[in-house]
Structure formats: C-alpha cells, structure tokens
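This report refers to the structure that appears directly beneath it.
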Amino acid sequence: MKKISLLLFDLDDTLLDNSSWFDKGLTQCLSKHPLTINVDTVLFLELVKKPPRSLIDKLISGEYNTVEFKRARWKYALEQFNLTTDIETLDQLDTLFYKTSMDYITVNKSVLCLLNDLSKEYELGVVTNGLYDPQQKLMNMGLGKRLNSDKVFHAEQLGYRKPDPRIYSKALDYFNKQPSETLFIGDSWTHDVVAPMENGMEAIWVNSRNVSPSTSHMPYAIVSEIMEIRDLLLSKN
Ligand SMILES: [Mg+2]
C-alpha cells in the first residue's frame, strides 16, 4: 500500500451515517408542514427512502436532474396519502426538510480524528452523488476546512454521477494523481468499489449492511465500518 497517496471518500453512509440525520430531519419536517402534519411519518419515511425504481432510473439516466428527482419523490410519497400539491409546495417541503435535517448533522469526533490522522499520510477528497449540499454536511461534521469545496466532487454540480468515469477523473486531475496512486473508500459496491477499480484505483468497501457483492471484483479490503480503515491505512509508528 506504500504507493497510495490519495484517498477518495464517498460521503453518505461512509463518513456520515445517513439514517440518523435523514430520519430525524424528515420526521420533524413532516410534523411542521401543514400539508403533512397528519401523515403517518414512519410510512412516509419508508416511501421517501425507497421510491419506485422508475424514479431512480430517471435520475441515473439524466432524464431527471436532482431537483426534478426530489420533486418526483415528494410527489410520489404524498400521492400515497391522497395528497396532491403544486411544484412550489414540493420545493417548500424540500427546503424545510433540508433546513431541519442539517441541524441533526453534528461533529463525530472519531471520524474527525481519523481524517486528521489520515491527512498526515495522504491527500483526502470526497466524491459524492448526494442529493443535499455535501459542503454543508461536512461543515456540520467539523470537516469543512479539511475537506473544503475544492476537494469535494459533487455529482449535482458536475452534471455527471458515480459510476460515470468522468467524476473520478475530475478528482484525480485536481489532485494530479494517477489511478494507481488512489484508493476509493465507500459503501456502494457499484459506485465506490467496481467503478473505481474499473478505472484503475484500489478500493475499500464499507459493507455495514453485510450484503453480498454483485460482481467478482476483489477490493483491497472489506470493512464493516469506517473506523476499521485506521489500522489498514495508517503506518504503525
Ligand atoms: Mg454512500
């Protein structure tokens, strides 16, 4: 592993536990907005977290941009409660959710300490498809300086998403690194292991849900949570 000098991280469900801020933020948002004040929040949450495959496919194919996808997801969940509304209200709900949920993202001292230690031996970047502002998330996590906007490659801003090779190339170009000098760390087998490996990088898979890989790729390591990379990547002196 001596040759590796750049670590690229996925953000959601890798550095940041998504279920906590998303669930709490959405639950509170639903109880605040007049349109959703009486909905079953547990069911609504499930619908938002698992929208129909057709909506996800439209996001992946580029037919929907992020804003359109989020509107369609809100609309779909509302329709299951026989609620219909206009685009302005969908956007209003999404803004309320964003503002409410970001407050639930706070400093995780273990992750902060891990990245501080890793930064002594590696350059660090983030490559994310996240639907909500990664810079705000990182700031709330206390990582805003360590991972400033130059080092965050966000699908929404770039116009292409993981596993599109261009998003990885963009990060490598910024850091002036070869794929062989780079290791990708993330929870998505397709986005964070297969695509980086197909593009010549090493990968560590954060398999916290203990799922089976869908291809025969052999990443450098498989861990069950992010803190396990400390022993794998830091020299012991
Ligand atoms: Mg992820």
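Under our numbering, the residues of the sequence shown are numbered 5 to 241, in order.
Virtual Cβ for every residue (Gly too), placed ideally from N, Cα, C.
Computed from a prediction, not measured in an experiment: that's the story for all the values here.
Beta-carbon gap between residue i and residue j smaller than 8 Å
i, j, result
"residue 211", "residue 233", "no"
"residue 24", "residue 108", "yes"
"residue 94", "residue 78", "yes"
"residue 220", "residue 126", "no"
"residue 159", "residue 129", "no"
"residue 70", "residue 20", "no"
"residue 188", "residue 171", "no"
"residue 31", "residue 49", "yes"
"residue 14", "residue 195", "yes"
"residue 147", "residue 116", "yes"
"residue 39", "residue 89", "yes"
"residue 76", "residue 68", "yes"
Sequence-distant residues of the same chain with beta carbon closer than 8 Å to residue i, five excluded per side
i, result
"residue 120", "150"
"residue 22", "16"
"residue 230", "18, 19, 115, 118, 189, 210"
"residue 100", "33, 36, 37"
"residue 315", "A question about residue 315 goes unanswered here, because the residues of the chain that appear run from 5 up to 241."
"residue 178", "129, 154, 155, 157"
Anticipated Cβ contact below 8 Å, residue i with residue j, distance rounded
i, j, result
"residue 131", "residue 12", "5 Å"
"residue 73", "residue 87", "Contact doesn't hold; Cβ gap of about 19 Å is too wide."
"residue 199", "residue 167", "3 Å"
"residue 140", "residue 153", "Residue 140 to residue 153, Cβ: 11 Å. No contact."
"residue 145", "residue 112", "6 Å"
"residue 193", "residue 217", "5 Å"
Environment of residue i [buried if 16+ CB atoms lie within 10 Å]
i, result
"residue 205", "buried"
"residue 105", "buried"
"residue 29", "buried"
"residue 191", "buried"
"residue 259", "Any question about residue 259 goes unanswered here, given that the chain covers just 5 to 241."
"residue 237", "buried"
"residue 214", "exposed"
"residue 97", "buried"
Close-in-space but distant-in-sequence residues of the same chain around residue i (CB under 6 Å, 5 per side omitted)
i, result
"residue 85", "43"
"residue 222", "none"
"residue 57", "none"
"residue 203", "169, 172, 183"
Close-in-space but distant-in-sequence residues of the same chain around residue i (CB under 7 Å, 5 per side omitted)
i, result
"residue 185", "7, 8, 9, 10"
"residue 110", "144"
"residue 224", "187, 206, 207, 208"
Item to complete: Scan the segment 136-180 and note each continuous alpha helix (DSSP H) run of 4 residues or more that stays entirely inside, going in chain order.
Response: 138-144, 159-162, 169-179
Worksheet entry | Segments assigned alpha helix (DSSP H), at least 4 residues, entirely inside the segment 173-229 | 199-202
Discussion item. For a minimum of 4 consecutive residues, which ranges assigned as the alpha helix (DSSP H) are wholly contained in the segment 49-90?
Written reply: 57-65, 70-83
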